[in-house]
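Comments concern the structure below.
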Amino acid sequence: MQVRLTQTKRPNAQTLPTACVLADETLHNFWVMKLVNDSTAVKVPVVLGVQQPGQLEIKSPTFNPNDRILSVGNYGLADTAKVKLVR
């Protein structure tokens with residue numbers, strides 16, 4: 001599954017849909033699950049910026065437009081979880 005990174009009104013800002021960003025119980029630690037080699041989801045900590053309806057700015061790290069970030073089935077996945085893509 002590929003997610004398009006879009007720009008906000010802030011120059012060079014990258015955003016992701018809110019469904020891609022996960023948080024712990026304290027809402028202080030945030031991460032996304034990035035798909036590598038078509039079968040492994042790795043946990044990538046992120047720093048959030050501006051929040052817009054349905055979108056969150058990702059201040060760091062910088063993702064490549066070709067990176068695949070999970071938006072469905074990502075909740076509860078362990079780091080380096082094996083996953084199967086359904087297209």
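If you count the sequence shown from 1, position 41 lands on 41 in our numbering, and the numbers rise without skipping. Glycine included, each C-beta is placed from N, C-alpha and C at the ideal position.
Check, Outcome
"What would DSSP say about threonine 18, mapped onto helix, strand or coil?", "helix"
"On the criterion of 16 or more Cβ atoms from any shown chain inside 10 Å, does glutamine 52 qualify as buried, or is it exposed?", "exposed"
"Below 8 Å CB to CB, which residues in the same chain sit around lysine 84 once its five sequence neighbours on both sides are set aside?", "Ser39"
"Suppose only complete runs of 3+ residues qualify. What are the beta strand (DSSP E) ranges in the stretch 14-78, listed by chain order?", "14-17, 30-36, 40-52 and 55-60"
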